[in-house]
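In terms of full-length UniProt numbering, the sequence shown has 5 at position 5, counting the first letter as 1, and numbering is strictly consecutive.
Note that the Cβ used here is the ideal one computed from N, Cα and C, for glycine as well.
Here is the structure we will look at, set down as C-alpha coordinates.
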Amino acid sequence: MCLGRCDSNLSLFWLNRTLLCYKYRNASLMRFSSKPHFQNTKILIYQMAPLPAENIFPIIFLLLTIFSVSRAELHAHYYDQTCPQLEKIISETVLNASKHDPKVPARILRMFFHDCFIRGCDASIMLDSTATNQAEKDGPPNISVRSFYVIDEAKAKLELACPRTVSCADIIAISARDVVAMSGGPYWNVLKGRKDGRVSKASDTVNLPAPTFNVSQLIQSFAKRDLTVKDLATLSGGHTLGFSHCSSFEARIHNFSSFHDTDPSMNTEFALDLRKKCPNPNHNHHAGQFLDPTASVFDNDYYKQLLAGKGVFFSDQSLVGDHRTKWFVEAFAKDQGLFFKEFTTSMLKLGNLRGSKNGEVRLNCRIAN
(Lines of atoms letter the chains of each structure in order from A and count residues from 1; the text may use other names and numbers.)
(Lines give C-alpha, C1' and ligand atoms only; values in the text may rest on other atoms or scores of the structure.)
Protein backbone atom coordinates (compact mmCIF):
# COMPACT_ATOMS: atom_id res chain seq x y z
CA MET A 1 0.00 0.00 0.00
CA CYS A 2 1.34 3.44 -0.84
CA LEU A 3 1.45 5.35 2.46
CA GLY A 4 1.16 9.10 2.63
CA ARG A 5 0.69 10.91 -0.69
CA CYS A 6 2.59 9.83 -3.78
CA ASP A 7 3.77 12.52 -6.15
CA SER A 8 2.73 11.31 -9.63
CA ASN A 9 5.32 13.56 -11.27
CA LEU A 10 8.26 11.66 -9.81
CA SER A 11 10.39 10.17 -12.54
CA LEU A 12 13.32 8.73 -10.59
CA PHE A 13 13.15 5.73 -8.30
CA TRP A 14 15.53 3.20 -6.83
CA LEU A 15 15.09 -0.40 -7.71
CA ASN A 16 17.79 -2.35 -5.95
CA ARG A 17 17.96 -1.48 -2.28
CA THR A 18 15.18 1.11 -2.35
CA LEU A 19 11.58 1.23 -3.62
CA LEU A 20 9.40 4.37 -3.62
CA CYS A 21 5.88 4.12 -2.20
CA TYR A 22 6.12 0.33 -2.19
CA LYS A 23 6.34 -2.25 0.48
CA TYR A 24 7.55 -5.70 -0.32
CA ARG A 25 5.92 -8.07 2.14
CA ASN A 26 5.44 -11.85 2.10
CA ALA A 27 6.91 -12.05 -1.39
CA SER A 28 3.99 -10.08 -2.88
CA LEU A 29 3.45 -6.50 -3.98
CA MET A 30 0.76 -4.55 -2.19
CA ARG A 31 -1.65 -2.37 -4.18
CA PHE A 32 -0.34 1.00 -5.35
CA SER A 33 -2.47 4.09 -4.73
CA SER A 34 -1.83 7.46 -6.34
CA LYS A 35 -3.68 10.69 -5.63
CA PRO A 36 -3.25 13.86 -7.72
CA HIS A 37 -2.41 16.21 -4.87
CA PHE A 38 1.02 17.63 -4.33
CA GLN A 39 0.87 19.57 -1.07
CA ASN A 40 2.61 18.01 1.92
CA THR A 41 3.85 15.25 -0.34
CA LYS A 42 5.75 12.58 1.53
CA ILE A 43 7.94 9.94 -0.02
CA LEU A 44 8.37 6.91 2.15
CA ILE A 45 11.41 4.78 1.43
CA TYR A 46 11.77 1.21 2.51
CA GLN A 47 15.19 -0.39 2.71
CA MET A 48 15.39 -3.96 1.61
CA ALA A 49 17.86 -6.56 0.54
CA PRO A 50 18.97 -6.64 -3.11
CA LEU A 51 16.41 -8.24 -5.42
CA PRO A 52 17.28 -10.90 -7.98
CA ALA A 53 17.24 -9.64 -11.57
CA GLU A 54 14.21 -11.76 -12.47
CA ASN A 55 12.18 -9.89 -9.80
CA ILE A 56 13.35 -6.43 -10.79
CA PHE A 57 12.11 -6.28 -14.39
CA PRO A 58 8.44 -7.03 -13.63
CA ILE A 59 8.57 -4.27 -11.01
CA ILE A 60 10.14 -1.84 -13.50
CA PHE A 61 7.36 -2.57 -15.98
CA LEU A 62 4.68 -2.21 -13.32
CA LEU A 63 6.03 1.09 -12.03
CA LEU A 64 6.41 2.55 -15.51
CA THR A 65 2.81 1.59 -16.25
CA ILE A 66 1.60 3.12 -13.00
CA PHE A 67 3.46 6.39 -13.50
CA SER A 68 2.25 6.61 -17.11
CA VAL A 69 -1.39 6.16 -16.08
CA SER A 70 -0.96 8.52 -13.14
CA ARG A 71 0.33 11.31 -15.38
CA ALA A 72 -2.63 10.82 -17.72
CA GLU A 73 -5.30 11.23 -15.05
CA LEU A 74 -7.40 14.39 -14.97
CA HIS A 75 -7.58 16.32 -11.73
CA ALA A 76 -8.89 19.62 -10.42
CA HIS A 77 -5.47 21.06 -9.49
CA TYR A 78 -3.70 20.38 -12.78
CA TYR A 79 -2.85 24.05 -13.42
CA ASP A 80 -2.42 25.22 -9.82
CA GLN A 81 1.31 25.80 -10.26
CA THR A 82 1.56 26.49 -13.99
CA CYS A 83 -1.45 28.78 -14.54
CA PRO A 84 -3.18 29.68 -11.26
CA GLN A 85 -5.23 32.49 -12.86
CA LEU A 86 -6.75 30.10 -15.41
CA GLU A 87 -10.31 29.88 -14.10
CA LYS A 88 -10.59 33.61 -13.43
CA ILE A 89 -9.53 34.46 -16.98
CA ILE A 90 -11.97 31.99 -18.52
CA SER A 91 -14.95 32.91 -16.34
CA GLU A 92 -14.49 36.64 -16.99
CA THR A 93 -14.26 36.01 -20.74
CA VAL A 94 -17.38 33.84 -20.79
CA LEU A 95 -19.37 36.22 -18.59
CA ASN A 96 -18.43 39.18 -20.79
CA ALA A 97 -19.46 37.37 -23.96
CA SER A 98 -22.75 36.26 -22.39
CA LYS A 99 -23.64 39.83 -21.47
CA HIS A 100 -23.29 40.86 -25.11
CA ASP A 101 -25.00 37.76 -26.53
CA PRO A 102 -27.50 35.85 -24.34
CA LYS A 103 -27.24 32.82 -26.65
CA VAL A 104 -23.61 32.18 -25.65
CA PRO A 105 -24.36 29.90 -22.64
CA ALA A 106 -26.49 27.47 -24.66
CA ARG A 107 -24.01 27.49 -27.53
CA ILE A 108 -21.00 26.71 -25.35
CA LEU A 109 -22.81 23.95 -23.47
CA ARG A 110 -23.75 22.41 -26.81
CA MET A 111 -20.19 22.82 -28.09
CA PHE A 112 -18.86 20.86 -25.10
CA PHE A 113 -21.31 18.01 -25.66
CA HIS A 114 -20.67 17.81 -29.40
CA ASP A 115 -16.92 17.91 -28.88
CA CYS A 116 -16.78 15.18 -26.24
CA PHE A 117 -19.27 12.89 -27.95
CA ILE A 118 -17.24 12.31 -31.11
CA ARG A 119 -13.55 11.74 -30.30
CA GLY A 120 -13.59 12.46 -26.60
CA CYS A 121 -13.05 15.92 -25.11
CA ASP A 122 -10.16 17.02 -27.35
CA ALA A 123 -11.35 20.33 -28.88
CA SER A 124 -11.52 18.69 -32.31
CA ILE A 125 -14.70 20.72 -32.83
CA MET A 126 -12.56 23.88 -32.81
CA LEU A 127 -10.31 22.89 -35.73
CA ASP A 128 -11.04 24.67 -39.01
CA SER A 129 -11.52 22.85 -42.29
CA THR A 130 -8.67 22.88 -44.79
CA ALA A 131 -8.42 22.43 -48.55
CA THR A 132 -7.99 18.69 -48.02
CA ASN A 133 -10.19 18.05 -44.98
CA GLN A 134 -13.69 19.01 -43.90
CA ALA A 135 -13.60 19.39 -40.12
CA GLU A 136 -16.22 18.49 -37.49
CA LYS A 137 -17.52 22.03 -37.18
CA ASP A 138 -18.65 21.85 -40.82
CA GLY A 139 -20.50 18.54 -40.42
CA PRO A 140 -24.32 18.88 -40.75
CA PRO A 141 -25.13 18.61 -36.99
CA ASN A 142 -22.50 21.24 -36.14
CA ILE A 143 -23.35 23.88 -38.73
CA SER A 144 -25.45 25.67 -36.11
CA VAL A 145 -22.82 25.45 -33.35
CA ARG A 146 -21.63 28.99 -32.65
CA SER A 147 -19.54 31.10 -30.25
CA PHE A 148 -16.16 29.59 -31.11
CA TYR A 149 -14.82 33.12 -30.76
CA VAL A 150 -15.35 32.96 -26.98
CA ILE A 151 -12.95 30.03 -26.70
CA ASP A 152 -10.51 31.82 -29.05
CA GLU A 153 -10.59 34.92 -26.86
CA ALA A 154 -9.98 32.97 -23.66
CA LYS A 155 -7.13 31.08 -25.33
CA ALA A 156 -5.47 34.32 -26.50
CA LYS A 157 -5.56 35.73 -22.96
CA LEU A 158 -4.18 32.50 -21.50
CA GLU A 159 -1.33 32.43 -24.02
CA LEU A 160 -0.28 35.84 -22.68
CA ALA A 161 -0.64 34.81 -19.04
CA CYS A 162 0.85 31.31 -19.27
CA PRO A 163 2.10 30.43 -22.76
CA ARG A 164 1.88 26.90 -24.17
CA THR A 165 0.19 25.59 -21.04
CA VAL A 166 -3.61 25.39 -21.20
CA SER A 167 -5.32 23.15 -23.74
CA CYS A 168 -8.31 24.31 -25.77
CA ALA A 169 -10.14 21.18 -24.58
CA ASP A 170 -9.83 22.31 -20.97
CA ILE A 171 -11.01 25.81 -21.89
CA ILE A 172 -14.19 24.35 -23.42
CA ALA A 173 -14.80 22.13 -20.37
CA ILE A 174 -14.37 24.99 -17.89
CA SER A 175 -16.47 27.33 -20.04
CA ALA A 176 -19.30 24.77 -20.11
CA ARG A 177 -19.30 24.62 -16.31
CA ASP A 178 -19.25 28.42 -16.10
CA VAL A 179 -22.22 28.98 -18.42
CA VAL A 180 -24.29 26.50 -16.40
CA ALA A 181 -23.37 28.13 -13.08
CA MET A 182 -23.87 31.72 -14.28
CA SER A 183 -27.31 30.72 -15.61
CA GLY A 184 -28.44 29.56 -12.17
CA GLY A 185 -27.36 25.93 -12.39
CA PRO A 186 -24.89 23.90 -10.31
CA TYR A 187 -21.17 24.58 -9.98
CA TRP A 188 -18.59 21.81 -9.92
CA ASN A 189 -14.82 21.45 -9.90
CA VAL A 190 -13.76 20.72 -13.46
CA LEU A 191 -11.10 18.03 -13.76
CA LYS A 192 -8.30 19.23 -16.02
CA GLY A 193 -5.35 17.92 -17.99
CA ARG A 194 -6.97 17.19 -21.36
CA LYS A 195 -4.92 17.43 -24.53
CA ASP A 196 -6.00 18.80 -27.89
CA GLY A 197 -6.51 16.37 -30.75
CA ARG A 198 -4.99 16.72 -34.20
CA VAL A 199 -7.80 15.01 -36.12
CA SER A 200 -11.21 16.46 -36.98
CA LYS A 201 -13.52 14.96 -39.62
CA ALA A 202 -16.99 16.12 -40.59
CA SER A 203 -17.92 12.52 -41.39
CA ASP A 204 -17.59 11.63 -37.69
CA THR A 205 -20.55 13.85 -36.81
CA VAL A 206 -22.91 11.07 -37.92
CA ASN A 207 -22.19 9.61 -34.46
CA LEU A 208 -23.98 12.49 -32.73
CA PRO A 209 -27.49 11.65 -31.44
CA ALA A 210 -30.08 13.31 -33.69
CA PRO A 211 -33.20 15.24 -32.57
CA THR A 212 -35.24 12.67 -34.52
CA PHE A 213 -33.96 9.68 -32.50
CA ASN A 214 -36.26 7.53 -30.39
CA VAL A 215 -35.20 6.33 -26.95
CA SER A 216 -33.73 3.04 -28.17
CA GLN A 217 -31.56 4.88 -30.68
CA LEU A 218 -30.52 7.41 -28.03
CA ILE A 219 -29.59 4.67 -25.55
CA GLN A 220 -27.53 2.90 -28.19
CA SER A 221 -25.78 6.13 -29.16
CA PHE A 222 -24.92 7.00 -25.55
CA ALA A 223 -23.81 3.45 -24.76
CA LYS A 224 -21.12 3.71 -27.44
CA ARG A 225 -19.57 6.42 -25.27
CA ASP A 226 -20.02 4.40 -22.06
CA LEU A 227 -22.86 6.68 -20.97
CA THR A 228 -25.90 5.16 -19.25
CA VAL A 229 -29.65 5.66 -19.56
CA LYS A 230 -29.44 7.95 -16.54
CA ASP A 231 -26.72 10.00 -18.25
CA LEU A 232 -28.96 10.25 -21.31
CA ALA A 233 -31.96 11.52 -19.34
CA THR A 234 -29.81 13.85 -17.27
CA LEU A 235 -27.67 15.40 -20.01
CA SER A 236 -30.80 15.96 -22.11
CA GLY A 237 -31.70 18.46 -19.40
CA GLY A 238 -29.04 20.73 -20.86
CA HIS A 239 -31.78 21.69 -23.32
CA THR A 240 -33.13 23.88 -20.54
CA LEU A 241 -30.77 26.40 -22.16
CA GLY A 242 -31.24 26.77 -25.86
CA PHE A 243 -33.05 27.57 -29.06
CA SER A 244 -33.78 25.45 -32.11
CA HIS A 245 -34.40 26.46 -35.70
CA CYS A 246 -37.53 25.12 -37.37
CA SER A 247 -35.62 22.61 -39.48
CA SER A 248 -34.90 20.45 -36.42
CA PHE A 249 -38.55 19.86 -35.54
CA GLU A 250 -40.66 20.81 -38.59
CA ALA A 251 -41.32 17.13 -39.37
CA ARG A 252 -43.31 16.97 -36.11
CA ILE A 253 -45.66 19.82 -37.03
CA HIS A 254 -46.20 19.35 -40.77
CA ASN A 255 -47.34 16.13 -42.45
CA PHE A 256 -46.20 14.00 -39.52
CA SER A 257 -47.86 10.86 -40.89
CA SER A 258 -50.69 9.73 -43.13
CA PHE A 259 -52.94 9.72 -40.04
CA HIS A 260 -51.74 12.83 -38.19
CA ASP A 261 -50.70 16.22 -39.49
CA THR A 262 -48.81 16.88 -36.24
CA ASP A 263 -47.10 14.54 -33.81
CA PRO A 264 -49.86 13.24 -31.49
CA SER A 265 -47.43 13.18 -28.57
CA MET A 266 -47.22 16.98 -28.79
CA ASN A 267 -49.60 19.25 -26.88
CA THR A 268 -52.21 20.45 -29.42
CA GLU A 269 -52.01 24.16 -28.58
CA PHE A 270 -48.22 23.99 -28.52
CA ALA A 271 -48.21 22.35 -31.97
CA LEU A 272 -50.45 25.09 -33.39
CA ASP A 273 -48.16 27.75 -31.95
CA LEU A 274 -45.11 26.11 -33.55
CA ARG A 275 -46.91 25.88 -36.90
CA LYS A 276 -47.42 29.65 -36.80
CA LYS A 277 -43.74 30.26 -36.07
CA CYS A 278 -42.60 27.70 -38.62
CA PRO A 279 -45.05 27.70 -41.55
CA ASN A 280 -44.73 25.37 -44.50
CA PRO A 281 -43.01 26.52 -46.63
CA ASN A 282 -40.84 28.53 -44.27
CA HIS A 283 -38.84 31.37 -45.82
CA ASN A 284 -37.47 32.70 -42.53
CA HIS A 285 -34.36 30.65 -41.81
CA HIS A 286 -33.90 32.39 -38.46
CA ALA A 287 -37.31 31.31 -37.15
CA GLY A 288 -37.51 28.74 -34.39
CA GLN A 289 -38.45 28.00 -30.82
CA PHE A 290 -36.81 28.16 -27.40
CA LEU A 291 -36.45 24.68 -25.94
CA ASP A 292 -37.71 25.87 -22.56
CA PRO A 293 -39.86 28.91 -21.59
CA THR A 294 -37.06 30.00 -19.23
CA ALA A 295 -34.36 29.45 -21.86
CA SER A 296 -31.82 31.77 -20.23
CA VAL A 297 -32.12 30.08 -16.83
CA PHE A 298 -30.70 26.67 -16.00
CA ASP A 299 -33.55 24.95 -14.16
CA ASN A 300 -35.79 21.88 -14.32
CA ASP A 301 -38.56 23.50 -16.42
CA TYR A 302 -37.41 21.44 -19.39
CA TYR A 303 -38.68 18.27 -17.69
CA LYS A 304 -41.96 19.93 -16.72
CA GLN A 305 -42.45 20.87 -20.37
CA LEU A 306 -41.94 17.27 -21.44
CA LEU A 307 -44.62 16.06 -19.03
CA ALA A 308 -46.97 18.68 -20.52
CA GLY A 309 -46.31 17.42 -24.06
CA LYS A 310 -44.31 20.51 -24.97
CA GLY A 311 -40.95 19.01 -25.86
CA VAL A 312 -39.62 20.64 -29.03
CA PHE A 313 -37.51 17.76 -30.33
CA PHE A 314 -38.92 14.31 -30.99
CA SER A 315 -35.93 12.89 -29.09
CA ASP A 316 -36.82 14.99 -26.04
CA GLN A 317 -40.53 14.16 -26.01
CA SER A 318 -39.78 10.47 -26.50
CA LEU A 319 -38.15 10.40 -23.05
CA VAL A 320 -41.64 10.57 -21.55
CA GLY A 321 -43.05 7.80 -23.70
CA ASP A 322 -40.51 5.14 -22.74
CA HIS A 323 -40.51 3.41 -19.35
CA ARG A 324 -36.70 3.37 -19.28
CA THR A 325 -36.48 7.16 -19.17
CA LYS A 326 -39.90 8.41 -18.04
CA TRP A 327 -39.24 8.02 -14.35
CA PHE A 328 -36.09 10.17 -14.62
CA VAL A 329 -38.17 12.89 -16.28
CA GLU A 330 -40.77 12.69 -13.52
CA ALA A 331 -38.15 12.71 -10.76
CA PHE A 332 -36.24 15.69 -12.18
CA ALA A 333 -39.46 17.64 -12.84
CA LYS A 334 -40.36 17.19 -9.18
CA ASP A 335 -36.93 17.80 -7.64
CA GLN A 336 -34.61 20.42 -9.15
CA GLY A 337 -31.93 19.69 -6.55
CA LEU A 338 -31.82 16.07 -7.66
CA PHE A 339 -31.51 17.14 -11.29
CA PHE A 340 -28.62 19.49 -10.44
CA LYS A 341 -26.84 16.75 -8.50
CA GLU A 342 -27.18 14.19 -11.28
CA PHE A 343 -26.32 16.73 -13.98
CA THR A 344 -23.04 17.50 -12.23
CA THR A 345 -22.20 13.79 -12.04
CA SER A 346 -23.02 13.19 -15.70
CA MET A 347 -21.11 16.27 -16.86
CA LEU A 348 -18.01 15.05 -15.02
CA LYS A 349 -18.46 11.66 -16.65
CA LEU A 350 -18.91 13.24 -20.09
CA GLY A 351 -15.84 15.39 -19.47
CA ASN A 352 -13.80 12.26 -18.75
CA LEU A 353 -14.26 10.93 -22.29
CA ARG A 354 -10.65 10.98 -23.40
CA GLY A 355 -9.29 12.01 -26.76
CA SER A 356 -6.16 10.83 -28.53
CA LYS A 357 -3.23 9.63 -26.43
CA ASN A 358 -0.96 11.67 -28.69
CA GLY A 359 -2.60 15.02 -28.03
CA GLU A 360 -1.00 18.42 -27.73
CA VAL A 361 -1.56 21.89 -26.32
CA ARG A 362 -2.49 23.97 -29.36
CA LEU A 363 -1.19 27.52 -29.67
CA ASN A 364 -4.23 28.40 -31.77
CA CYS A 365 -7.43 26.46 -31.08
CA ARG A 366 -8.34 26.44 -34.78
CA ILE A 367 -5.10 24.94 -36.09
CA ALA A 368 -3.10 21.88 -35.00
CA ASN A 369 0.50 22.72 -34.10
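_Length of the line joining the Cα atoms of aspartate 138 and leucine 191_ = 28 angstroms
*For serine 216, the first and last residue of its enclosing alpha helix (DSSP H)*: 215-223
*If you run the structure through DSSP and keep just helix, strand and coil, what is phenylalanine 243?*
strand
_For lysine 230 and lysine 357, what's the separation of their Cα atoms in angstroms?_
28 angstroms
_Spatial neighbours of glutamate 153 within its chain, please: C-beta separation below 8 angstroms, excluding the five flanking residues on both sides._
Thr93, Ala97
*Since leucine 291 and phenylalanine 113 are thought to touch, with beta carbons under 8 angstroms apart, how far apart are those beta carbons, to the nearest angstrom?*
Not really, about 14 angstroms apart at Cβ, beyond 8 angstroms.
*Can you tell me the Cα-Cα spacing of cysteine 2 and phenylalanine 298, whole angstroms?*
Note that cysteine 2 has pLDDT 48, beneath the 50 cutoff, so the model's placement of it is unreliable and the number below is only indicative. Spanning the two alpha carbons is a distance of roughly 42 angstroms.
*What are the boundary residues of the beta strand (DSSP E) that glutamine 289 is part of?*
288-290
_Cutting at 8 angstroms between CB atoms, please list the residues of its own chain near isoleucine 89, excluding the five before and the five after it._
Ala154, Lys157, Leu158, Ala161
*Between alanine 106 and serine 257, what straight-line distance do the alpha-carbon atoms span, to the nearest angstrom?*
32 angstroms
*Determine, using beta carbons only, whether tyrosine 251 and phenylalanine 314 come nearer to each other than 9 angstroms.*
The sequence given here places alanine at residue 251; tyrosine does not occur at that position. Contact: yes.
*Out of Ser346, Asp80, Gly237, Leu319, point me to the one whose CA is closest to aspartate 301's CA.*
Gly237
*Quick one: Cα of glutamine 81 to Cα of glycine 193, how far?*
13 angstroms
*Quick one: using the 10 Å Cβ neighbour count with 16 as the cut-off for buried, is glutamate 136 buried or exposed?*
buried
*asked:* Quick check on DSSP: helix, strand or coil for residue 372?
replied: The requested residue 372 does not occur in the structure, where the chain is confined to residues 1 to 369.
*asked:* Just to confirm the assignment, what range does the alpha helix (DSSP H) spanning glycine 315 have?
replied: What sits at residue 315 in the sequence shown is serine, not glycine. 314-317 is the extent of the alpha helix (DSSP H) around serine 315.
_Please state the DSSP three-state secondary structure of histidine 75._
strand
*asked:* Measuring only the C-alpha atoms, how far is glutamate 281 from glycine 197?
replied: Inspection of the sequence shows that residue 281 is occupied by proline rather than by glutamate. Straight-line Cα distance between these residues: approximately 41 angstroms.
_What does the alpha-carbon distance come out to for the pair aspartate 122 and threonine 325?_
29 angstroms
*In the structure shown, what three-state DSSP assignment does threonine 192 receive?*
The question names threonine, yet the displayed sequence has lysine at residue 192. In this structure, lysine 192 counts as strand in the three-state DSSP scheme.
*Using alpha carbons as the reference points, say which of Ala233, Ser318, Ser247 lies closest to glutamate 285.*
Strictly speaking, residue 285 in this sequence is histidine, with glutamate absent from that position. For histidine 285, the nearest C-alpha among the options comes from Ser247.
*Could you spell out where the alpha helix (DSSP H) holding phenylalanine 112 opens and where it closes?*
104-119
_Nearest-angstrom Cβ-Cβ length linking proline 186 and valine 179, presumed shorter than 8 angstroms_ = Contact doesn't hold; Cβ gap of about 12 angstroms is too wide.
_Output needed for residue 370: all residues of its chain with C-beta closer than 8 angstroms, excluding positions within five of it in sequence on either side, in chain order._
Nothing about residue 370 can be read from this structure; the chain reaches only from 1 to 369.
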